[in-house]
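Scroll down for the structure; my scribbles are underneath it.
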Amino acid sequence: SHDCVDLVVRSSYMLVRMESDHPYRPGGTPAPLQCYVPNASALLVMFDRRSSINLAQGVLAFYADAHMQHELFVWSGSHARSIVAPGDHFYCMFSCGSGRAHPTEFGYRFRVVPLGFRAVSDVEVLRRPIWDWSSLAMLSDTV
């Protein structure tokens, strides 16, 4: 049973990973990307140390809603700090100009880890399971 618990802990550590091309392409992402971890209380976003976006050319913005009305955090440059997004989801949008045909910066890569889970009733779990198929598939991957 200890091995099972250890596997779940290690697998859940990198629950979600999002990234741009490396190096990134001019133009960014055409639509906001959603990060969703069912029933999470908050989400910790931890950037890869190589993440870098040209200050004059691009920005990675995080929003609480799909309409991008409630901004949580905006980042460009290098040495990104970890952030905490409240709730179980956020949206991000990467925008960069086309001023340079071949940017040399790495772009972005981050992983998202849930900071606790909201308590749910047995009925809610049956109606909307906490673990989806992609989460269960991660349990079989090696870390």
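Mapping of the sequence shown onto my numbering: residues 1 to 143, in sequence order. Backbone N, C-alpha and C define an ideal beta-carbon position, used for all residues, glycine too.
According to the Cβ coordinates, are residue i and residue j closer than 8 Å?
i: Val112; j: Leu43; result: yes
i: Gly116; j: Asp21; result: no
i: Val16; j: Asp88; result: no
i: Phe73; j: Ile83; result: yes
i: Ala40; j: Pro114; result: yes
i: Pro26; j: Cys96; result: yes
Please name the residue, chosen from the options, that lies closest to residue i on a Cα-to-Cα basis.
i: Val59; options: Met46, Pro86, Asn39, Ser78; result: Ser78
i: Arg109; options: Ala80, Ala119, His70; result: Ala80
i: Ser76; options: Met68, Pro86, Gln69, Ile53; result: Ile53
i: Tyr24; options: Thr104, Glu71, Pro86; result: Thr104
Considering residue i, what are the terminal residues of the beta strand (DSSP E) in which it resides?
i: Arg111; result: 109–114
i: Phe90; result: 89–96
i: Phe17; result: The displayed chain sequence assigns Arg, not Phe, to residue 17. Looking at the DSSP string, the run of the beta strand (DSSP E) that includes Arg17 is 16–19.
Excluding five sequence neighbours on each side, which residues of the same chain lie with their C-beta closer than 6 Å to the C-beta of residue i?
i: Tyr91; result: Pro32, Gln34, Tyr63, Ala66
i: Arg174; result: The chain is shown only over 1 to 143; residue 174 falls outside these bounds and no answer can be derived.
i: Asp48; result: Arg109
i: Met14; result: Note on Met14: pLDDT 46, under 50, position unreliable in the model; the coordinate value appears next. Excluding sequence neighbours, Met14 sits near Arg111.
Kindly list the residues whose CB is nearer than 8 Å to the CB of residue i, restricted to its own chain and excluding five residues on each side of it in sequence; keep chain order.
i: Met68; result: Pro32, Ala61, Tyr91, Met93
i: His70; result: Tyr63, Ala64
Leaving out the 5 sequence neighbours to the left and right, which residues in its chain are closer than 7 Å to residue i when beta-carbon positions are compared?
i: Val45; result: Ser82, Ile83, Ala85, Phe110, Val112
i: Arg118; result: Asn39, Ser41
Less than 8 Å between CB atoms is the rule here; does residue i satisfy it with respect to chain C?
i: Arg118; result: Looking at the structure shown, chain C is missing, and only one protein chain is on hand.
(request) Would you mind listing the beta strand (DSSP E) stretches within the region 30–87 that are 3+ residues and don't spill past its ends, in chain order? (result) Entirely contained in the region 30–87, the beta strand (DSSP E) runs reaching 3 residues are, in chain order, 33–36, 42–47, 58–63, 71–75, 83–86.
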